[in-house]
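For reference, the structure is listed below as structure tokens.
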Amino acid sequence: MKRPILLLLAAFMAAPTLVRADEGMWIPMLLGRNQAAMQRAGMHLSASDIYDVNHASLKDAVVLFAGGCTGEFISDEGLLLTNHHCGYGQIVKHSTVEHDYLTNGFWAMNRDQEIPCPGLTVVRLVRMEDVTTQVLANTDDQMTESEREATISANIEALTQKAVEGSHYKAVVKPFYYGNQYFMYINEVFTDVRLVGAPPSNIGKFGGDTDNWMWPRHTGDFSLFRVYAADGLPADFSKENTPYRPLQHLQISLKGINEGDFTFVFGYPGTTRRYVTHDAVNLAANIENPIRIALRDIRLAHYNAAMKQSPAQRLKYASRVAGIANGWKKWQGETLGIERLHGVEQKMQQEASFRRWAADKPQYRNVLDSLEAAYATLTDVEVERVYFNEALLASDFMNRALALWRLTRQNSDAAAQKLLADSRQYFADFSIHSPIDQAIFTETLVYAWQHGYAPYIDKKYTNAQTLTTYLNTIYTKSILNQPQKLEKLLTLPTEKRASRLATLLKNDPALILFHTAYSQVYSPEKNQSFSAANARISHLMRTYVRGMMEQFPDSNFFPDANLTLRVAYGHVQGFRPRDAVYYTPYSTIDGIMEKENPDIYDYRVEPRLKELYLHKDYGQYANSKGELPTCFIATNHTTGGNSGSPVLNADGQLIGINFDRCWEGTMSDLLFDPNYCRNISLDIRYCLFLIDKYAGATHLIQEMTIVK
Ligand code: ARG
Ligand code: ASP
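Residues in the sequence shown are numbered from 471 upward in steps of one, following my numbering.
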């Protein structure tokens, strides 16, 4: 048993680098370091074509969309492309029964029809700067973590203020490599953003949660917006505003893709944890994920059953199920991927090599032992919090208890009004919804209790049955489920309401349960130990990562994703998900027709799309084989936040829009495996086909710069 491990170890130690082929999300400003490798991989551009502060560059076309997705300019009149699932919130918000844009799609046939979206923001990076020295000024190794934090915050405050003084820019500073380096971002924030187009859901969300995180995929996951400005500067909505003219917009290529082609993704990846220790990988993959998955199984079983009952129920639960199922499915793939990679063992081997290297270096010698100790104190509190969020807060009932409990602490009229309005809506279909919610409430809590993570349940309940009966009683007895009583409480004058709330805190079983649970899980001692462990871990990780960078001085370490602009590069490539199965790298409209099933909601095909398919009316968007390509996969390292990111070819032209990853590779936030990790993109030709041929919005095609 010992030999293979030793061999693996030897191979690892011989490797000059820690980062694998195609792994990494690189900092645009430092792309010069990747330029040679990118060119060797096939790129025809230079690093300064991608990021330049003295000339317009590709970075001027890439924006942070809605605070958590990516978007890109595709015309000189501010036309912006992103995913359907990124524009989803706006599409839903503007949909009514008469104008159901979510179901039927929306196309502004002229500028007047574009829909303002107050609250929606688009952020363009003006420039970035390494500010490590300024941020770390007056800090030293003797400081406590909180003293250090305070000094750093003060430095950042002064720095950012000065940086944007007298301008309309906004500055943010972000830590890299666990605080070994800091960059400042000078941004321009646009607030007049209008909805221009979206395909119907059965195109933009084709495959729904069934196909989510999976290949082969056929989702037309895009939507269109337009950014407006006042004299070229960001401004809130006004009729007088005019389309923003970006410094650069993307050229769109119809040349398409072939297996092996170089591609890069330019966007805003949210979070990765590439450098954490085996304890953190074990905690995420083997402890937290299984708990979350099991508890979400319970919720999904009830909602999915309800959604089969009627179209109204399907609509009611669709978006909450999408949210619950998205994480649920990703975590399953992540845990399997970590297992397949022997991720925990791999980390332990890496740590063993670090320990040997650090044996004679006092500053690094003990860091891994200390990290182990810190994780040992963190784990239990962390797991208890996972149970609190995924079990106690699984039901609407307990979320409403939370809202009412907040009111007992801060009896504001506005909060009472809000709870009243929410409740009225809640009771509108109470008879249908409450059995579902009640089952979720009892089953998730019983599960937590059975696993020893519901210490707030009275010791006298010794079996699942008596506990269930008790929970059912709470559900029916609480004021939260008695519309008249609740209405009366919430319409009382402020003072009277306060005294009534105080009594309820002592009598209402739901409030008592919530209060007990909260006071135990978030007790001052536990909060203290939780934040102390986390502060300790971030301090130690700073040291450990610095050590690894010294251990592998020739390695180009990419910093973990932190919702800043990054470049990932790789190749269009299929893969083997399982024995005897090979996934080819692109899908076509034929696959939509293969999946078509009028009885399965996720697989209904829009009649007009079918018609175009039957006539093979693909225009200039077909490939050389006469097929209409829909999606493709590549080895670019991406994560949540990269949705909507432009996928570019060797010449920096747009060939796709990133929207997902393949299930077998979702462990890439923790460990990247070039054999399994693939990002999924919408082929730009399918997107343009939909805008042009399907929707007839040719005026939009005309403003784009298309190269054939
Ligand atoms: N999996 C993709 C991402 O993580 C898409 C999620 C939205 N789609 C869905 N069917 N829930 O964001
Ligand atoms: N679907 C993700 C997003 O919305 C992308 C990913 O996790 O790969 O950003």
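Every residue, glycine too, gets a C-beta built ideally from N, C-alpha and C.
- About 17 angstroms separates the CB atoms of leucine 724 and leucine 549; that is not less than 8 angstroms, and the two are not in contact.
- Contact between the segment 1110 to 1130 and the segment 1056 to 1067 is absent, with fewer than three C-beta pairs closer than 8 angstroms.
- DSSP places arginine 1036 in the strand class (E or B) of the three-state scheme.
- Valine 642 and proline 588 have their C-alpha atoms spaced approximately 23 angstroms apart.
- Annotation: tyrosine 558 to glutamine 1090 spans about 29 angstroms, alpha carbon to alpha carbon.
- Annotation for alanine 755: Glu804, Thr805, Ile808, Glu809, Gly813, Val814, Met1137 and Leu1140 place their beta carbon closer than 8 angstroms to its own, counting only its chain and skipping 5 residues before and after.
- Note on isoleucine 1070: under 16 other CB atoms within 10 angstroms of its CB, so exposed under the neighbour-count rule.
- DSSP places serine 616 in the uninterrupted alpha helix (DSSP H) bounded by 615 to 634.
- For threonine 602, the CB contacts under 7 angstroms within the same chain, skipping 5 residues up- and downstream, are Gln651 and Tyr652 in chain order.
- Per DSSP, the unbroken beta strand (DSSP E) holding arginine 1046 starts and ends at 1045 to 1048.
- Taking aspartate 892 as the centre and dropping the five residues before and after it, the same chain places the C-beta of Arg870 and Ala873 closer than 8 angstroms to its C-beta, in chain order.
- Here leucine 534 is bridged, per DSSP, to Thr540 and Val593.
- Taking 3 residues as the shortest admissible run, the segment 972 to 1041 contains the following complete beta strand (DSSP E) segments, listed from N- to C-terminal end: 1036 to 1041.
- By the C-beta density criterion, valine 751 is buried, having at least 16 other C-beta atoms within 10 angstroms.
- Checking the DSSP bridge columns, you'll see glutamine 651 partnered with Phe646.
- Linking lysine 966 to lysine 958 through their CA atoms gives a straight-line distance of about 11 angstroms.
- A distance criterion of 7 angstroms places the beta-carbon of serine 1113 in contact range of ligand 1, judged by its closest non-hydrogen atom.
- Apart from sequence neighbours up to five positions away, the residues of its chain that approach phenylalanine 911 with a beta-carbon distance below 8 angstroms are Ala864, Ser865, Phe867, Met868, Leu941 and Tyr945, ordered along the chain.
- Residue environment: histidine 1085 is assigned as exposed (fewer than 16 neighbouring CB atoms within 10 Å of its CB, all protein chains considered).
- Around the Cβ of alanine 517, a 10 Å sphere holds 16 or more other Cβ atoms; the residue is buried.
- Following the DSSP letters along the chain, one finds valine 851 inside the alpha helix (DSSP H) bounded by residues 837 to 860.
- Between proline 686 and tyrosine 1073, the CB-CB gap reaches or exceeds 8 angstroms.
- By the beta-carbon neighbour count (other beta carbons within 10 angstroms, threshold 16), phenylalanine 900 is exposed.
- Here phenylalanine 707 is not bridged, per DSSP, to any residue.
- Membership of isoleucine 902 in the alpha helix (DSSP H) is indicated by the continuous run 900 to 920.
- The C-beta distance from leucine 862 to tyrosine 1014 rounds to 34 angstroms, too long to fall under 8 angstroms, and the pair is not in contact.
- Counting only the Cα atoms, isoleucine 1176 lies some 28 angstroms from proline 1077.
- Only residues of its own chain outside the window of five on either side were considered, and among them Tyr926 have a CB closer than 6 angstroms to the CB of threonine 986, listed in chain order.
- Closer than 7 angstroms to some heavy atom of ligand 2: that describes the Cβ of histidine 555.
- The C-alpha of glycine 537 lies about 35 angstroms from the C-alpha of alanine 1092.
- Two segments are said to touch when three or more pairs of C-beta atoms, one from each, lie closer than 8 angstroms; by this definition the segment 824 to 836 does not touch the segment 1151 to 1162.
- Residue environment: histidine 1169 is assigned as exposed (fewer than 16 neighbouring CB atoms within 10 Å of its CB, all protein chains considered).
- Looking at the DSSP output, threonine 1100 bridges to nothing.
- Shortest gap from the CB of asparagine 796 to any heavy atom of ligand 1: under 7 angstroms.
- Distance from the Cα of tryptophan 875 is smallest, within the candidate group Gln718, Ala578 and Phe984, for Phe984.
- Closest by C-alpha distance to glycine 575, out of Thr1034, Leu534 and Asn672, is Asn672.
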